[in-house]
Amino acid sequence: MVRQITTKLADWYRRSNQQLPWRGIRDPYAIWLSEVMLQQTRVSTVIGYWNRFIDKYPDAQSLAAAGLDEVLELWAGLGYYSRCRNLHQAAKMIVTDHDGQFPRDPEQVRKLPGIGEYTTAAICSIAFGEPLAVIDGNVQRVLCRYLGIDGDPRRGDAKHSVHEAADAALDCDHPGDHNQAMMDLGRSICTPRSPACQICPLGNGCVARASGEPTRWPQPRPKRATEEQWWAAAVVMQGQQVLTWEGDGELLAGHRGPPLARLAGPGIHAEKMADRELRRFGIEGATLLGHGDRFRHAITHRRLQIYPLVYQFTGEIPEAATTIPIEEGGRLPALHRKSLAAARKLLLEEPR
Ligand code: SF4
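What follows is the structure, encoded as structure tokens:
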């Protein structure tokens with residue numbers, strides 16, 4: 001039953017021939033870039049970004065030689081900025097540890113920052129013909145439905161069954177085409193909410209289709225309870241520049257932006273907590289200009305309420321801080337962008 005997937009998909013892939021700029025390319029750098037951008041992002045959004053990146057940074061050397069800020073600017077709007085930071089860091093490792101050549105050995109590929117099992121399999125199968133099955137959310141969905149695999153495919157027995165099926169279905173003569181076909185099918189036909197079973201190449205023999213309720217698979221993981229949290233964002237200005245630090249707490253760690261201080265409840269001791277956080281980052285004696293409009297923000301299971309506090313600071317800027325013009329916060333994560341927007345609004349309303 002599993003082997004039928006191989007031939008049906010190969011026929012469909014040859015006929016469907018999706019027009020994507022990275023399709024048919026064997027350059028591991030270009031494939032890597034497309035795979036990283038496609039994580040959590042629609043194909044239609046990625047196309048423009050991928051073209052601009054390849055134009056500006058056609059190989060690992062040019063990407064490694066660029067400054068991180070410049071690379072982040074080109075990435076702005078694509079979201080999940082840690083992907084971009086890892087990409088840049090990995091490009092540097094390719095230059096220093098692999099003489100600028102993308103490694104062929106899957107073990108070496110897996111060691112690059114931001115590259116896990118899935119991306120390793122995608123790059124190595126497409127660029128080098130390695131017989132490695134890609135298993136992403138699309139592939140999990142297709143296999144769970146076609147074979148009627150019960151349970152959460154991300155763990156336990158169901159995960160094991162999906163991996164076994166993916167390996168058994170892999171076309172070892174054309175692993176890259178096979179993997180791309182599986183992912184394309186999940187993205188374009190066997191979609192999460194409205195699978196187009198009547199035009200699906202796997203329609204005959206699919207357990208989920210025969211059941212009449214294809215969306216019963218894959219079975220969702222138990223929902224994590226949402227948690228309400230309250231945070232103060234300390235936006236420190238020096239003239240028209242905002243001071244930013246790399247976050248090291250439980251929220252947005254590794255991302256630059258204004259310091260964030262967790263509150264015990266809605267607005268509770270916001271000034272005191274923000275002041276304490278600022279001291280930790282080396283800022284003492286900043287003048288509080290006012291409170292920006294409170295806003296909401298959601299990150300995975302957390303529903304946040306953010307209380308932006310805006311300060312003016314005339315002292316020496318700590319070494320770990322960098323400054324950006326307040327109107328240039330576009331490359332920061334969404335939560336920080338919102339804090340800066342609230343600060344700007346306050347400053348425009350109350351010019352000092
Ligand atoms: S027949 Fe329907 S449920 Fe089965 S794999 Fe195709 S689209 Fe998915």
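In terms of this note's numbering, the sequence shown opens at residue 1 and continues consecutively.
Glycine included, C-beta positions come from ideal geometry on N, C-alpha and C.
The structure displayed is predicted, hence computed values, not measured ones.
Query, Result
"Short Cβ contact (8 angstroms threshold) for Q241 with P325", "yes"
"Expected contact under 8 angstroms - CB spacing of P258 and A234 to nearest Å", "5 angstroms"
"For G290, the residue or residues it bridges with in DSSP", "V310"
"Bridge-paired residues (DSSP) for H297", "L304"
"Inside the region 170-231 only - alpha helix (DSSP H) runs reaching at least 4 residues", "175-188 and 207-211"
"Secondary structure of W245, DSSP reduced to three states", "strand"
"G257 (DSSP reduced to helix, strand or coil)", "strand"
"Residue range of the unbroken beta strand (DSSP E) whose run includes P106", "No beta strand (DSSP E) holds P106; the alpha helix (DSSP H) holding it covers P106 to R110."
"Per DSSP, the bridge partner or partners of M237", "V242 and Q312"
"Sheet register partners of I324 (DSSP bridge)", "V242"
"Distance cut-off 7 angstroms: C197 Cβ against heavy atoms of the ligand SF4", "yes"
"Of the listed residues D105, D99 and E70, nearest to H88 (C-alpha basis)", "E70"
"For R3, three-class secondary structure by DSSP", "helix"
"Residues near A121 in its chain [Cβ-Cβ closer than 6 angstroms; skip 5 each side]", "L132 and V134"
"Any chain B beta carbon closer than 8 angstroms to W22", "The chain labelled as chain B is not found in the depicted structure, where only one protein chain is given."
"Contact test: S318 Cβ vs the ligand SF4 heavy atom, cutoff 7 angstroms", "The amino acid occupying residue 318 in the given sequence is Pro; Ser does not appear at that position. Result no, Cβ not under 7 angstroms from the ligand SF4."
"Cα-Cα separation, D150 to H160", "11 angstroms"
"Between the CA atoms of E73 and D275 - distance to the nearest angstrom", "31 angstroms"
"L87 - DSSP class collapsed to helix/strand/coil", "helix"
"Delimiting residues of the alpha helix (DSSP H) encompassing P28", "P28 to L38"
"Complete runs of the alpha helix (DSSP H) confined to the region 127-166 [at least 4 residues]", "137-147"
"Candidates A320, E316 and G292, of which the one nearest Y307 by Cα", "G292"
"G330 versus A343 - alpha carbon distance", "14 angstroms"
"C-beta contact flag for L263 and A270 at 8 angstroms", "yes"
"8 angstroms Cβ shell around A298 - same chain, five flanking residues per side excluded", "L304"
"The region 220-240 in contact with the region 14-27 per 3-pair CB rule at 8 angstroms", "no"
"R344 CB to nearest heavy atom of the ligand SF4 below 7 angstroms", "no"
"Selection from R104, R256 and G137 that minimises the alpha carbon distance to L335", "R256"
"Local Cβ density within 10 Å of M237, reported as buried at 16 or more and exposed below that", "buried"
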